[in-house]
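**Q** For reference, the structure I am asking about is given below.
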Amino acid sequence: MKRQKTCGYTCADVPTGRRTQLLLLLLCMICLSLHAEEPQKKKEKNPVFYGVAVSADLVGFIMKAADAKYANMEVAARINLLDKFFPVAELGIGDCRREGAETGNTFSTTAPYMRFGLNYNFNKKHNGNRLFGIFRYGFSSFKFDIANESFSDPVYGTTAPLHMDGLKATAQWLEFGIGVETKLWKFIRLGWSARYNMRLALSRPEGGEPYFIPGFGKNDDSGWGGNMNIIFDIGKGSFKSSKEKK
Amino acid sequence: MRRVRLLITALTLLLASCESYDCTLYNYVGLYGSFYRGGSAVAISDTLTITSGRKGIVLLNQAVGTSSLNLPMSYWNEEDTLVFSIKGNGYQARDSVWIAKSNLVHYESPDCPMTLFHTIQSVGSTNEFIDSISIIRSSVNYETTENLRIYLR
């Protein structure tokens, strides 16, 4: 009996029927409190895996169709985590055909490139619009050709065609930028981004500087770039905003 | 949102259309040399003419008081032959100089003139008024420092 004297009155003092009633009451209270908390939790917490999306950069394809000096044609895939973090992989083909206006020098390359990185969504509302901070690491290993059909020695007067084909180079770079994205229709989105590119490394053959780095753009220490993406967003993230509006 | 779209599209097009050329301004590739006698630099007081061997292209024409040289090299020849002729009061002398080299295309951009850099491998000469030639810097490129020292008799 002594062992049971832990509170104001002992459990042994409570009759058995009363004990069962108290237990049931306690269970009911716990159940009610759990039911009351459930909808709040659903509202506050987003699922970790919110969906996936694939996209294509329209600018590159338009530039290629318009016969621009160079174009980066790329597709991308990304995962939506918590509608906040978006790990991204971008894969593309850089294409450049360029002839100097006065020199007769030509440069050409067609080579793949890839980028990996993360988009961070600053918009906390799930209203279909996203404002991104962008970070990427880019890499390309490519071959390029340099030529001049009438390369002449101004002093000694010899003229001969010059061809240097299959020169190998590799480049790595980082990209930082901002992007916006809006919903067009159901799972189709349109996004824009502006990025600052910073070249980390470039290995190239002696005497042959590549004019263009696939995925990076014109070869320089740094540069600016932009994308306009059509995005197919599949998953909870793409449909949630339309449900919320209803 | 519409304004933002327009602004971003305009910026994208603007960025795609901007371009600048960063060509090297001083893009002359030349062989630099100086004349020495008895360990010190000298100037040739007589008239000096330098021609390229085979075609006789004049590289330096009747220069007086020459202490240093700045000569173009051939783009593709593996060896340049230069003829040094000096003419003074009542005398003249001639020496041939052979410069063996390798050639390397130097390409910066489609918009910049392409040129060739060279690496001097060996130098030799006849010895009428030239005693010997030593290579100080084998790379012939945009740098303007001395490549050869020509020791006179």
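Chains as they are written, first to last, in the working numbering: chain S, 1 to 246; chain D, 1001 to 1153.
Ideal Cβ positions, reconstructed from N, Cα and C, are used throughout, including at glycine.
Here the structure is a predicted model, which is why all the values come from computation and not from measurement.
(1) Within 8 Å of any Cβ in chain D, is that where the Cβ of residue 231 of chain S sits?
(2) Can you tell me which of the three DSSP states residue 63 of chain S falls into?
(3) May I ask which residues mark the beginning and end of the beta strand (DSSP E) holding residue 163 of chain S?
(4) Does the count of Cβ pairs from the region 1067-1084 of chain D and the region 1027-1045 of chain D closer than 8 Å reach three?
(5) Enumerate in chain order the residues of its own chain whose CB-to-CB distance from residue 251 of chain S is below 6 Å, with the five nearest sequence positions on each side excluded.
(6) Which residues share a DSSP beta bridge with residue 218 of chain S?
(7) Rounded to the nearest angstrom, how far is the Cβ of residue 152 of chain S from that of residue 94 of chain S, given a contact under 8 Å?
(8) Starting from residue 112 of chain S, trace the beta strand (DSSP E) in both directions and tell me its first and last residue.
(9) Name, in chain order, the residues that DSSP records as bridge partners for residue 96 of chain S.
(10) Taking all protein chains shown into account, decide if residue 48 of chain S is buried (16 or more other Cβ within 10 angstroms of its Cβ) or exposed.
(11) Does residue 247 of chain S have its Cβ less than 8 Å from a Cβ in chain D?
(12) Quick one: list the residues of chain D neighbouring residue 98 of chain S, beta-carbon separation under 7 Å, in chain order.
(13) So what's residue 1060 of chain D in DSSP terms, helix, strand or just coil?
(14) Relative to chain S, which residues along the region 1090-1124 of chain D have a C-beta separation below 9 Å, given in chain order?
(15) Would you give the residue range spanned by the beta strand (DSSP E) that residue 150 of chain S belongs to?
(16) Using a Cβ cut-off of 8 Å, pull out every chain D residue sitting near residue 162 of chain S, in sequence order please.
(17) Could you name the residues of chain D that residue 207 of chain S contacts, counting a contact when the two beta carbons are closer than 7 Å?
(18) Going by DSSP in three states, residue 82 of chain S sits in which element: helix, strand or coil?
(19) Tell me, to the nearest whole angstrom, how far the beta carbon of residue 109 of chain S is from that of residue 214 of chain S; I am working on the premise that it is less than 8 Å.
(20) Name, please, each residue of chain S whose Cβ falls closer than 9 Å to the Cβ of residue 1052 of chain D.
(21) Quick check on residue 163 of chain S: buried or exposed, where buried means 16 or more other Cβ atoms within 10 Å of its Cβ?
(22) Which residue marks the beginning of the beta strand (DSSP E) containing residue 1079 of chain D, and which one marks its end?
(23) Using a Cβ-Cβ distance under 8 Å, would residue 1138 of chain D count as near chain S?
(24) Distance, Cα to Cα, residue 1066 of chain D vs residue 92 of chain S?
(25) Return the residue from the list S:60, S:82, S:201 that minimises the CA-CA distance to residue 50 of chain S.
(26) What does DSSP give as the partner residues of residue 1106 of chain D in its beta bridges?
(27) Beta strand (DSSP E) containing residue 199 of chain S: first to last residue?
(28) Comparing alpha-carbon positions, which option in S:159, S:232, S:138 lies nearest residue 89 of chain S?
(29) Would you kindly check if the distance between the Cβ of residue 1075 of chain D and the Cβ of residue 1025 of chain D is under 8 Å?
(30) Would you list the residues sitting across from residue 1195 of chain D in a DSSP beta bridge?
(31) Tell me, which residues are paired with residue 1051 of chain D by DSSP?
(32) Name the one or two DSSP bridge partners that residue 1152 of chain D has.
(33) Can you name the start and end residues of the beta strand (DSSP E) that residue 1042 of chain D belongs to?
**A** Taking the geometry as given:
(1) Counting from one through the first sequence, the residue named residue 231 of chain S turns up at place 231. No, its Cβ sits nowhere closer than 8 Å to a Cβ of chain D.
(2) Taking the first sequence and counting its residues from 1, the one referred to as residue 63 of chain S is at position 63. In the structure shown, residue 63 of chain S sits in a helix (DSSP, three-state: H, G or I).
(3) As a position in the first sequence, residue 163 of chain S is number 163, starting the count at 1. 159-185 is the extent of the beta strand (DSSP E) around residue 163 of chain S.
(4) yes
(5) No information on residue 251 of chain S is available, as it lies outside the stretch 1 to 246 that chain S covers here.
(6) Start at 1 with the first residue of the first sequence, and residue 218 of chain S comes out as number 218. BP columns for residue 218 of chain S point to S:212.
(7) Locating residue 152 of chain S in the first sequence gives position 152, counting from the first residue. Locating residue 94 of chain S in the first sequence gives position 94, counting from the first residue. That belief does not hold up - the Cβ atoms of residue 152 of chain S and residue 94 of chain S are roughly 31 Å apart, past 8 Å.
(8) Locating residue 112 of chain S in the first sequence gives position 112, where the first residue counts as 1. Here the beta strand (DSSP E) through residue 112 of chain S covers 105-121.
(9) To locate residue 96 of chain S, count along the first sequence from 1; it is residue 96. Its beta-bridge partners are S:70, S:109.
(10) Mapped onto the first sequence, residue 48 of chain S falls at position 48. Exposed: under 16 other Cβ atoms inside 10 Å.
(11) Chain S is shown only over 1 to 246; residue 247 of chain S falls outside these bounds and no answer can be derived.
(12) The residue given as residue 98 of chain S occupies position 98 in the first sequence. Under the 7 Å cutoff, chain D gives 1110.
(13) In the second sequence, the residue the question calls residue 1060 of chain D occupies position 60. Three-state DSSP puts residue 1060 of chain D in a strand.
(14) 1104, 1105, 1106, 1107, 1108, 1109, 1110, 1111, 1112, 1113, 1114, 1116, 1117
(15) Mapped onto the first sequence, residue 150 of chain S falls at position 150. Unbroken beta strand (DSSP E) run through residue 150 of chain S: 130-152.
(16) Start at 1 with the first residue of the first sequence, and residue 162 of chain S comes out as number 162. Here the neighbours are 1105, 1114.
(17) If you number the first sequence from 1, residue 207 of chain S lands on position 207. Ordered by position in chain D, the residues that pass the 7 Å Cβ test against residue 207 of chain S are 1104, 1105, 1106, 1107, 1117.
(18) One-based indexing of the first sequence puts residue 82 of chain S at position 82. Residue state, collapsed to three classes: coil.
(19) For the purposes of this step, residue 109 of chain S is taken as the residue at position 109 of the first sequence. For the purposes of this step, residue 214 of chain S is taken as the residue at position 214 of the first sequence. The C-beta distance from residue 109 of chain S to residue 214 of chain S rounds to 7 Å, short enough to fall under 8 Å.
(20) Numbered from 1 along the second sequence, position 52 holds the residue referred to as residue 1052 of chain D. Neighbours of residue 1052 of chain D on chain S, chain order: 155, 156.
(21) As a working mapping, residue 163 of chain S is identified with position 163 in the first sequence. So residue 163 of chain S counts as exposed.
(22) Locating residue 1079 of chain D in the second sequence gives position 79, counting from the first residue. 1079-1088 is the extent of the beta strand (DSSP E) around residue 1079 of chain D.
(23) As a position in the second sequence, residue 1138 of chain D is number 138, starting the count at 1. No, its Cβ sits nowhere closer than 8 Å to a Cβ of chain S.
(24) Translated into the one-based positions of the second sequence, residue 1066 of chain D becomes position 66. Translated into the one-based positions of the first sequence, residue 92 of chain S becomes position 92. About 59 Å.
(25) Taking the first residue of the first sequence as 1, we reach residue 50 of chain S at position 50. Per the Cα distances, S:82.
(26) For the purposes of this step, residue 1106 of chain D is taken as residue 106 along the second sequence, with counting starting at 1. Among the bridge pairs identified by DSSP, residue 1106 of chain D is matched with D:1115.
(27) Translated into positions along the first sequence, residue 199 of chain S becomes position 199. First-last of the beta strand (DSSP E) with residue 199 of chain S: 188-203.
(28) Stepping through the first sequence from its first residue, residue 89 of chain S is reached at position 89. Checked all of S:159, S:232, S:138; the closest Cα to residue 89 of chain S is S:138.
(29) Working through the second sequence from its first residue, we reach residue 1025 of chain D at position 25. Working through the second sequence from its first residue, we reach residue 1075 of chain D at position 75. It is not a contact, given that the beta carbons lie outside the stated cut-off.
(30) In the structure as shown, chain D starts at 1001 and stops at 1153, and residue 1195 of chain D therefore has no counterpart that could be examined.
(31) Locating residue 1051 of chain D in the second sequence gives position 51, counting from the first residue. The partner list for residue 1051 of chain D (beta bridge, DSSP) reads D:1058, D:1083.
(32) In the second sequence, counting from the first residue as 1, residue 1152 of chain D sits at position 152. Answer is D:1130, bridged to residue 1152 of chain D.
(33) Sequence index remark: in the second sequence, residue 1042 of chain D carries index 42 (1-based). Premise fails: residue 1042 of chain D is in no beta strand (DSSP E) and is neither H nor E.
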